[in-house]
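Take any residue in the sequence shown, note its place counting from 1, add 62, and you have its number in this note's numbering.
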Amino acid sequence: MTRVACLGAGYFAQFHIEAWQRLTGAELVGVSDLNPRLVEALDIPGFGDLGTMLRVAKPDIVDLIIPPHAQARAIRTCLAAGVQAIICQKPFCQDVDEAVNITAEAQATGIPLIIHENFRWQPWYRSLKAALDTGRIGELHQITFRFRTGDG
């Protein structure tokens, strides 16, 4: 059983937590958020901070469901704890330099740093990419694409 912990219990965490709960072979062993009420509302062991959650829950994977400005510090904390993998939201850093540095730090440890890009493999994006790759829609100069599933 793979032990999973989530940092962040805000709006988007509900989708991650539900998915982890449905996934055979995964066990949610902890959640932490700056807002204790959000943590208390879940039927998952709650922790007041990431460090405590890492020490007590001992997750294999940490799913960071937090804003970009908070991710670099959390990633470094997870790397230092030696988790097996870290999943981050996009954008996972505030600028390119920070992203390059964090990526290098993760590569040096051998711990996979996974950027959650959930729409990349969806059929509508794959179809659009195929149309672009084959030149079916001509030379692209600019494109704006908006997509919302009704979740906000």
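Note that beta-carbon positions come from the ideal geometry of N, C-alpha and C, so glycine has one too.
If you're wondering where the values come from, they're calculated on a predicted model, not measured in any experiment.
- If you look at G92, you'll find it in the beta strand (DSSP E) that goes 88-94.
- Setting aside the 5 residues that flank it on each side, I127 is surrounded in the same chain by C68, L69, G70, A71, G72, F74, A75, H78, Q151, each with a C-beta closer than 8 angstroms to its C-beta; the list follows chain order.
- Taking a C-beta distance under 7 angstroms as the contact criterion, R65 and V91 qualify as a contact pair.
- Inclusion of A134 and E167 in the CB contact set at 7 angstroms is not warranted, their separation being larger than that value.
- L104 is positioned such that its CB atom lies no closer than 7 angstroms to that of V118.
- Where I176 is concerned, the enclosing beta strand (DSSP E) starts and stops at 175-177.
- Under the criterion of beta carbons closer than 8 angstroms, I148 and C140 qualify as touching, at roughly 5 angstroms.
- Distance between I137 and M63, taken at the CA atoms: about 23 angstroms.
- Inter-residue distance for D125 and L190 is about 29 angstroms (C-alpha atoms, whole angstroms).
- Listed in chain order, the non-local C-beta contacts of I176 below 6 angstroms within the same chain comprise I149, local neighbours out to five positions each way being set aside.
- When DSSP reads this structure, G108 sits in a beta bridge with V93.
- Residue state for D125 is assigned as strand, using DSSP reduced to three classes.
- I205 is not bridged by DSSP to any residue.
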